[in-house]
Amino acid sequence: MKRKTYGRDRGLTLRMLATGGLLGLLYVVFAVVLLTYLNVGLAPMLVIVIGLAVVQYYTSDKLALAASGAKIVSEQDAPELHAMVERLCAMAGLPKPRVAVVDTDVPNAFATGRNPQHAVIAVTTGLWRRLEPQEIEAVLAHELSHVANRDVLVMTVASFFAMLAALITRFGLYFGMFGGFGGGGGRSNNNNQGGVPIWLIVLAVSIVTYAISYVLIRTLSRYREYAADRGSALITGAPENLMSALQKISSGITQIPQRDLREVAGMNAFFIMPTNFRQQMSEIFMDHPPLEKRLAALSAIAREMGRPVS
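Count the sequence shown with my numbering and you get residues 1 to 310, in order.
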């Protein structure tokens with residue numbers, strides 16, 4: 001078996017496609033309902049949501065850096081880190097991203113940016129202190145896989161109508177009390193006399209759409225993490241290093257005071273390991289797979305490669 005085939009997982013790919021297809025179908029139904037029951041109010045909502053999505057997409061790197069407190073570092077500031085990233089990029093066939101460091105004892109890392117040409121990869125000082133060089137490389141390879149897979153773009157598109165549904169849900173009651181969607185509720189008065197108000201139908205569909213898309217988006221996010229783990233194994237050829245890194249990160253997080261964890265909690269969706277992983281009760285609501293399942297998947301890849309697994 002050639003090494004390049006280790007990055008392929010047909011089952012994982014099919015699951016991602018199925019989840020994306022379900023999201024697409026859900027959004028088509030949602031759009032049909034909106035177009036059926038709304039005449040004027042839909043346009044400004046779409047403008048708002050499209051604007052938010054565009055801003056999020058084109059400023060994702062800046063927003064993530066600001067939220068995490070990460071600072072871009074030069075080769076002179078962090079020569080070892082830059083050397084690792086450059087070597088991994090050469091192995092993965094990727095342009096070198098900007099490199100950043102977050103000054104926190106919380107061991108973690110993340111990547112962001114709308115495409116490989118505008119990417120940023122960041123590590124915390126806590127991760128740099130706790131992990132061995134080969135484990136840090138495995139973590140960096142995981143984050144570079146997110147960049148190569150354009151996961152920022154994928155998740156932005158996946159969450160587009162969920163944002164619209166959330167917006168309608170949040171303001172639905174307000175609009176309903178003051179004349180319904182579309183200003184004045186003309187269609188409600190003319191075509192729905194004695195029936196359920198149009199605004200209430202749209203609000204109910206929006207709530208259902210948001211709830212289902214919430215679960216599907218997190219399912220898709222978990223699959224993207226599995227894919228990035230596999231990508232790390234492909235790039236480094238040593239999945240056991242990522243296994244060791246994930247175990248050290250999870251152990252290190254449990255030793256961090258809750259006050260420090262709360263300071264970086266807003267980055268959990270980006271981190272290689274969310275800081276609240278022990279507090280999450282049900283996998284269906286998690287955006288990262290459980291640690292045990294990630295280790296099991298990496299063990300299977302290691303066996304395919306003929307690598308030792310302790």
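For glycine and all other residues, C-beta sits at the position ideal for the given N, C-alpha and C.
Cβ separation of residue i and residue j, assumed to be a contact under 8 Å, to the nearest whole Å
i: Ile256; j: Asp105; result: 6 Å
i: Ser68; j: Ala138; result: That pair is no contact at about 21 Å.
i: Arg222; j: Met286; result: 7 Å
i: Thr112; j: Ala64; result: 4 Å
i: Ala302; j: Glu240; result: 6 Å
i: Gly20; j: Ala148; result: Contact flag wrong, Cβ pair sits at about 18 Å.
i: Asn108; j: Leu127; result: 6 Å
i: Ala233; j: Leu298; result: 7 Å
i: Ala358; j: Arg307; result: Since the displayed the chain opens at 1 and closes at 310, residue 358 lies outside it and no answer follows.
i: Lys62; j: Ala100; result: Not confirmed; about 11 Å, so no contact.
i: Val120; j: Pro97; result: 6 Å
i: Arg114; j: Tyr58; result: 6 Å
i: Glu135; j: Lys248; result: 7 Å
i: Val208; j: Ile168; result: Contact flag wrong, Cβ pair sits at about 11 Å.
i: Ile272; j: Phe30; result: In fact, because the Cβ distance is near 32 Å, the residues do not count as touching under 8 Å.
i: Leu216; j: Leu23; result: 5 Å
Span of the beta strand (DSSP E) around residue i
i: Thr112; result: Ala109 to Thr112
Minimum Cβ-Cβ distance from residue i to chain D less than 8 Å
i: Arg224; result: Structure shown: chain D not included; a single protein chain is present.
Element boundaries [alpha helix (DSSP H), containing residue i]
i: Ile212; result: Ile198 to Thr236
i: Ala66; result: Ser60 to Ser68
i: Ile284; result: No alpha helix (DSSP H) contains Ile284, which DSSP labels as neither H nor E.
i: Arg303; result: Leu291 to Met305
i: Leu355; result: The requested residue 355 is not part of the displayed model; the chain covers only 1 to 310.
i: Ala148; result: Pro133 to Ala148
Where residue i falls: helix, strand or coil (DSSP)
i: Thr124; result: strand
i: Lys96; result: coil
i: Val106; result: coil
i: Val32; result: helix
i: Val101; result: strand
i: Gly185; result: The predicted position of Gly185 is uncertain, since its pLDDT is 45 and thus under 50; a value taken from the coordinates is nonetheless stated next. In this structure, Gly185 counts as coil in the three-state DSSP scheme.
_alpha helix (DSSP H) runs contained entirely in the segment 239-275, provided each spans 4 or more residues_ = 239-254 and 258-263
*At least three beta-carbon pairs within less than 8 Å, the segment 244-251 to the segment 127-141*: yes
*asked:* Any contact between the segment 282-294 and the segment 222-239? By contact I mean 3 or more CB pairs, one from each, below 8 Å.
replied: yes
*Given 8 Å as the limit, is there contact between the segment 137-152 and the segment 75-91, that is, 3 or more CB pairs closer than that?*
yes
*Pairing CB atoms from the segment 195-213 with CB atoms from the segment 256-266, are three or more of them under 8 Å?*
no
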